Amino acid sequence: MLNSQFNDDGFVIVRQFLPDDELQVLQSELHRYIHDIVPHLPGSDAFYVDRNRPGTLKQMQHMGKDAFFKNYRCNSRWSSLAAMLLDESVQAKDPEWFNKPPGTESVTPPHQDNFYFCLSPPNVLTMWLALDDVDDGNGCLRYVRGSHKAGIRPHAPSDVLGFSQVVEDYGDKDRDREVAVHLHPGDVVAHLGNTIHRADSNKSPDRHRRAFAVVFRGESCRRDVDAYARYQVALQKQHARMGLADA
Ligand SMILES: O=C(O)CCC(=O)C(=O)O
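Position one of the sequence shown corresponds to residue 9 (this note's numbering), numbered consecutively onward.
Shown next, in the form of C-alpha cells:
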C-alpha cells in the first residue's frame, strides 16, 4: 500500500513515524547543536535568511561532523522505511535541517533533488520529518504528483541560498498537479529524488516551520560524475556570489 502510493505519486506520508520519546531526543540534540556548534561552523554549513540575526537560521547541512547526527544515519527506524520504499539496501547521507523562520521571506523553488545528486537509476529518496505543525500558513511542502515519471527537467540557477537550482519551465500544468502536505511533529513525508517539490514562504507571524531530513540512496545508484562536477562548480559560484566561505 505504502509502496504503491510512493511509486505512483512520487511521495508518501507516514503519520506519527517518530514516537514522542524519540522526537524529544532529536529535538534536544538539535537544540544543543544549534546553540553550541552552529556559531562555530563555516557559512556553507549553516544558512541564515539574515546572517546578523541568529533567529533566522534556515538550513543546516553536513551535520555528520557531529557524533550524534553521524550515528543517526544508521537509525534503523529510518533506514528500514527507506529500504522498504526503495526496495533495496540503502545508504544514508548526512542529516539536514530546514526552517522557514516566521517574519522572513524565503521560498523553496521548484526542484528535483536528483538534479543535484546526479544518480542513476534515480532510486534515491528524502525523508522529511516535521518538527512543527506544517501547513499552508507556514510554508508546507508541495509536490507535483507523478512528476518523478518524466525524468529530470531543465534547471536554471536560482538566487535562493540553499536551493541553488529551479525547474526552468515550471508552469500552470505543474501547479494544477501540486499536493500541499500538512504534517504534525513526528510525521514524515518521503519523496523520490526525481519528484518536483517546492514551498512558499512562511506567512505566519510567529510559527517556525522546522524539519529534519535524511537522504537515502539505493545500493544500485551510480553517480554521473561529470554532471555532478558541473553542478558543484555552479554551487561554488553561487556561494562565492553570496559571500559564503566553503571551509
Ligand atoms: O524544507 C524545504 O522547504 C525543502 C526541503 C527539500 O527540498 C528537500 O528536503 O528535498
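Built from N, CA and C at the ideal position, the CB exists for glycine as well. Small disclaimer: the values here were computed from a predicted structure and weren't measured.
Item                                                                                                             : Value
C-alpha gap between residue 15 and residue 248, whole angstroms                                                  : 38 Å
Coarse secondary structure for residue 43, derived from DSSP in three states                                     : helix
Exposure label - residue 198; buried when at least 16 CB within 10 Å                                             : buried
Contact under 9 Å by Cβ, residue 215 with residue 105                                                            : no
4-residue-minimum alpha helix (DSSP H) runs that sit fully inside the region 149 to 225, ordered along the chain : 180 to 184
DSSP state of residue 255 mapped onto helix, strand, coil                                                        : Since pLDDT at residue 255 reaches only 39, below the 50 mark, its modelled position is unreliable, and the value read off the structure follows with that caveat. Looking at residue 255 - three-state DSSP - the assignment turns out to be coil, as it is neither helix nor strand.
Rounded C-alpha distance that separates residue 255 from residue 173                                             : Because residue 255 sits at a pLDDT of 39, beneath the cut-off of 50, its placement in the model cannot be relied upon, and the point is left open.
Best match in 165, 151 and 158 for proximity to residue 184 [C-alpha to C-alpha]                                 : 151
Where residue 229 falls, given that 16 or more other Cβ within 10 Å makes a residue buried                       : buried
Per-residue DSSP class, three states only, for residue 37                                                        : helix
Top-ranked residue by Cα proximity to residue 119, from 55, 178, 213 and 112                                     : 178
Own chain, CB closer than 8 Å to residue 93, minus 5 neighbours either side, in chain order                      : 10, 11, 14, 20, 133 and 198
Inter-stretch contact (C-beta, 8 Å, three-pair minimum) for the region 189 to 205 and the region 23 to 30        : yes
Bridge partner(s) assigned by DSSP for residue 87                                                                : Residue 87 is not bridged to any residue.
With 16 other Cβ atoms within 10 Å as the buried cut-off, status of residue 188                                  : exposed
Environment of residue 238 [buried if 16+ CB atoms lie within 10 Å]                                              : exposed
Beta-carbon proximity of residue 175 to residue 138, cut-off 9 Å                                                 : no
Closest residue to residue 209 among 50, 234 and 66 (Cα-Cα distance)                                             : 66
Closest Cα partner of residue 163 within the set 121, 49 and 113                                                 : 121
Reduced DSSP category for residue 119 - H, G, I as helix; E, B as strand; rest coil                              : strand
Straight-line gap, residue 53 to residue 212 (C-alpha atoms, nearest Å)                                          : 26 Å
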